[in-house]
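In what follows, a structure is listed as structure tokens, so that the remarks can point back to it.
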Amino acid sequence: MNYLSAKETALKWGVNVSLVKRYCAQGRVPGVVFRNGVWRIPEDAIRPIRTDLEYTSEVELPELAKKLQNQKKKRNFHGLYDFTVIDLTYSSSRMASVRLTRQQVETIFKKGKIRESFEPFKVSDVIEVLNHIHCVDYILDHVMEPLTQKFIRKLHHLLMTGTVDEYKEQVRPGEYRTITSRPRDRQLLHPDKIHSGLAELIATYEKQTEIERNHILDFHVRFEEIFPFEDGNGRVGRLILFKECLRHDIMPFIIDDKRRSRYLRGIREWHDDRYELVDVVMEAQDRFEAQVELQKLRAAGQLWLPADYKED
1 MNYLSAKETA LKWGVNVSLV KRYCAQGRVP GVVFRNGVWR IPEDAIRPIR TDLEYTSEVE
61 LPELAKKLQN QKKKRNFHGL YDFTVIDLTY SSSRMASVRL TRQQVETIFK KGKIRESFEP
121 FKVSDVIEVL NHIHCVDYIL DHVMEPLTQK FIRKLHHLLM TGTVDEYKEQ VRPGEYRTIT
181 SRPRDRQLLH PDKIHSGLAE LIATYEKQTE IERNHILDFH VRFEEIFPFE DGNGRVGRLI
241 LFKECLRHDI MPFIIDDKRR SRYLRGIREW HDDRYELVDV VMEAQDRFEA QVELQKLRAA
301 GQLWLPADYK ED
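Residues in the sequence shown are numbered consecutively from 1, following my numbering.
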């Protein structure tokens, strides 16, 4: 019998690796082998049907979403919450040509200040980073809400308000674009069709009874193709990606700048070949899952510290 790894099986089933491992541990995949800490899944194994208990509801938050919300309320700057805010803001902004360093983003988040730099930086970069931090908090506060055009426009408004582009009237926060073409001869959906195009996309997405990772990625690709705003589409789209993963109890992910070219190529090739984008996302999921596990170990370590322990 031929076997696949958990990662290969996740790619085949269109789910995240942690869900495959959970199915195996629960004994819901016949014929699996666990050896040397690694799950081996039969090549012809069929993905189990998700039970009602696995679906999220407005009442019961998924574990990861609950943890992030709790840490946000406590203003925990040494946990998963601060990692998420800083890394998502830095990585997504970097792909949008914001040149601030990760350390500068961290200082803005934690202290409301900007670290000295030997290189000049744009005022708008600082404003957009601060705005993005507010956007991350917003998606955590509204993580279980279904997607609507009102929600998407609110995200864009939070992201672009007070920027230099708004001052120059090059972007209207929370308002759909009015232009039909962009540099490099990219043809876009006509502005008159943006509202109806998004309405159809959201309706198709929300009516699905079971949403997996590939459904969220498909929404992301089609959202980017509609390109509803003059600027900020990528950052808004990636914020939605993160929110929807939390909402549907799927391991979230952050696309870093090193994977930018593969991520963009994956979006372009999605309708013909989904492998590139899925592969990039699975790598990012593994990276975020490792951070989740690291935070668990740190939390466990704190629980076992002596009462009189003092850090040097």
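Heads up, the beta-carbon is just placed ideally off N, CA and C, and yes, glycines get one too.
Computed from a prediction, not measured in an experiment: that's the story for all the values here.
Practice item. If I'm right that residue 125 touches residue 99 with Cβ under 8 Å, what's the distance once you round it to whole angstroms? Key: Right, the Cβ-Cβ distance comes to about 6 Å (below 8 Å), so this counts as a contact.
Practice item. For residue 78, I'd like the list of residues in its chain whose CB is within less than 6 Å of its CB, leaving aside the five on either flank, ordered along the chain. Key: Once the five neighbours on either side are set aside, residue 78 has no close Cβ partner at all.
Check your understanding: How about residue 287 and residue 276: do their beta carbons lie closer than 9 Å?
Key -> Not closer than 9 Å, so no.
Check your understanding: Applying the criterion that 16 or more other CB atoms from any shown protein chain within 10 Å of the CB defines a buried residue, is residue 52 buried or exposed?
Key -> Caution applies to residue 52, whose pLDDT of 45 falls short of 50 and renders its modelled position unreliable; the value that the coordinates give is listed next. It counts as exposed.
Review point. Going by Cα to Cα distance, which pick from 219, 188, 180 and 215 is closest to residue 199?
Key: Per the Cα distances, 219.
Review point. Are the stretch 203-211 and the stretch 6-19 touching by the rule of at least three beta carbon pairs closer than 8 Å?
Key: Contact fails: fewer than three Cβ-Cβ distances are below 8 Å.
Review point. Out of curiosity, what's the CA-to-CA distance linking residue 257 and residue 107?
Key: Cα to Cα, the separation comes out at about 20 Å.
**Study point:** Collapsed DSSP secondary structure at residue 48 in the structure displayed
**Key:** Coil.
Check your understanding: Any idea if residue 244 is buried or exposed, counting beta-carbon neighbours within 10 angstroms, 16 or more meaning buried?
Key -> Its Cβ being crowded by 16 or more others within 10 Å, residue 244 is buried.
Review point. What residues in its chain sit with their C-beta under 7 Å from that of residue 39, if we drop five residues either side in the sequence?
Key: Here the set comprises 6, 21, 24 and 32.
Review point. Is it a yes or a no for the stretch 142-158 touching the stretch 168-175, going by three-plus beta-carbon pairs under 8 Å?
Key: Enough Cβ pairs lie closer than 8 Å, so yes.
Check your understanding: Looking at the unbroken beta strand (DSSP E) that takes in residue 5, where does it start and where does it end?
Key -> Here the beta strand (DSSP E) through residue 5 covers 3-5.
Check your understanding: Buried or exposed: which applies to residue 211, given that a residue is buried once 16 or more other Cβ atoms fall within 10 Å of its Cβ?
Key -> Taking all protein chains shown into account, residue 211 has 16 or more neighbouring C-beta atoms within 10 Å of its C-beta and is therefore buried.
**Study point:** the stretch 288-302 in contact with the stretch 74-91 per 3-pair CB rule at 8 Å
**Key:** Short answer: they touch.
Exercise for review: May I have a chain-ordered list of the alpha helix (DSSP H) segments no shorter than 4 residues that lie completely inside the stretch 208-243?
Suggested key: Within the stretch 208-243, complete alpha helix (DSSP H) segments of at least 4 residues are found at 213-226, given in chain order.
Practice item. With a threshold of 16 other CB atoms inside 10 Å of the CB of residue 109, please say whether the residue is buried or exposed. Key: Buried is the label assigned to residue 109, since at least 16 other Cβ atoms lie within 10 Å of its Cβ.
Check your understanding: Does the separation of the CB atoms of residue 278 and residue 213 fall below 9 Å?
Key -> Yes. Within cutoff.
Review point. Who are the near neighbours of residue 146 in its chain, counting only those whose CB is closer than 7 Å to its CB and skipping five residues on each side?
Key: Excluding positions up to five away in sequence, the list reads 206.
**Study point:** Own chain residues within Cβ distance below 7 Å of residue 178, not counting five before or after
**Key:** The residues are 191.
Exercise for review: Within 10 angstroms of the Cβ of residue 143, are there 16 or more other Cβ atoms? Answer buried if so, exposed if not.
Suggested key: Looking at its Cβ environment, which holds 16 or more other Cβ atoms inside 10 Å, residue 143 is buried.
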